[in-house]
Structure formats: C-alpha cells, structure tokens
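Each number in the numbering used here comes from the position in the sequence shown (counting from 1) with 283 added on.
Just so you know, even glycine gets a beta-carbon here, dropped at the ideal spot from N, CA and C.
Heads up: the structure comes next, in structure tokens.
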Amino acid sequence: MSPESLIAIITALIALAAYVTSSISAARARVKTIEDAYVARYWQILDRFPSEALVAEQGRSLDSEDERVVRLYLRLCEDELELRQLGWVSGQTWEQWRSGITAALEQWPVVQEWEPIKEGRRAPNQFELLRKLSTGVQQDPFQPTGLAHITRRWRQL
C-alpha cells in the first residue's frame, strides 16, 4: 500500500469520525432545544397558577381562568408524553418530568380538573396518554418505539 493510499484511508476515517460525532451532537442538541422549549412553556403556565397552588395549599374553588390554566397545564403534560413517545425527550429529563407530572395530578388545583377527565366524564377522547400515566405503571410505557437503536442512543433516550 502506498503512503498516499494510507493517508487517504486515514483521512476518510477521520472524516467519518467527525461526521458521526457531529451527528450525535446535533441529535442531542435538538432534543435539548425541544426540552428547553417545553420547560419554558411549563414556567409560563405555572406563573399563572393560583398563588395557593405555589405553596401546595388547598385553595378555593376554581374560577374560569384558573380552570383554563389547569387545562393548559394538562395539555402541556399530554404533549410532553407524546414527545417522549416520539423520541424527543431524553431519559434523564423524562424521569424528572414524570415524577413532577404524577405529583401534580394529585395536588390542588390540578386534581380538581384532572379527576373528571381521568374518569372520562370530561374530555373522554383526549388526554389518553395522561390517563395511561396515571394508572401507576412503574416502567416507562412511553419509551420511544419505532426508532433505531442507534437513534435512541444518540438522543440519550
């Protein structure tokens, strides 16, 4: 093998390694960008919660604006579950979100809106993923499916 061929092979391997590394970094950056956008959305909604909810106190009955804010929160949670299934939420972030969502579903004011939805008396064709989460399944039923193993690894799913 000539020195030029060896240099060409080494150059090609270095280029391939650089491409793989940049692809992994780009995939992780996309996941992080999506997660950050949903965290920002979470704080925007939480800022509109009744003040009693911010210190985990049982509050008054909800007015229509409070109900709207809680429903926006529930929609956010459903969207987060869908993102997890689609492979756009990392495993580490999902563990934090899952524990926060399950805790919120049991606290005022969320529980007040969630109970009729959970029981199917309100919005029976919506919030299917949230209902699934509330069944208390310990494993991750929202683990992304349909993605190649390497894609899941790259995105840290």
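With 16 other CB atoms within 10 Å as the buried threshold, where does residue i fall?
i, result
"Trp326", "exposed"
"Gly403", "exposed"
"Ile384", "buried"
"Glu318", "buried"
"Tyr314", "Before going further, note that residue 314 is Val rather than Tyr in the sequence given. Answer is buried; the Cβ neighbour count reaches 16."
"Val303", "exposed"
How long is the line joining the alpha carbons of residue i and residue j, rounded to whole angstroms?
i, j, result
"Thr294", "Gly419", "52 angstroms"
"Asp362", "Ile292", "46 angstroms"
"Trp391", "Ala301", "50 angstroms"
"Glu389", "Ala312", "33 angstroms"
"Ser285", "Leu296", "17 angstroms"
"Gln426", "Glu287", "48 angstroms"
"Leu299", "Trp371", "25 angstroms"
"Tyr321", "Ile328", "11 angstroms"
"Ala309", "Ser344", "46 angstroms"
"Leu364", "Leu413", "7 angstroms"
"Arg324", "Glu411", "21 angstroms"
"Ser417", "Gln409", "14 angstroms"
"Val352", "Glu340", "17 angstroms"
"Thr316", "Thr434", "17 angstroms"
"Arg331", "Ser373", "27 angstroms"
Tell me which same chain residues have a C-beta within less than 7 angstroms of the C-beta of residue i, skipping the five on either side of it?
i, result
"Glu350", "Glu396"
"Ala406", "Ile400"
"Arg354", "Glu396"
"Pro333", "Gly342, Asp349, Pro392"
"Ser382", "none"
"Ser305", "none"
Apart from the five residues on each side of it in sequence, which residues of its chain come closer than 8 angstroms, Cβ to Cβ, to residue i?
i, result
"Ala387", "Tyr356, Cys360, Val393"
Starting from the C-beta of residue i, find all residues in its chain whose C-beta is less than 6 angstroms away, skip the five residues before and the five after it, and write them out in chain order.
i, result
"Glu335", "Gly342"
Are the region 397-405 and the region 364-382 touching, with three or more C-beta to C-beta distances below 8 angstroms? No, the region 397-405 does not touch the region 364-382.
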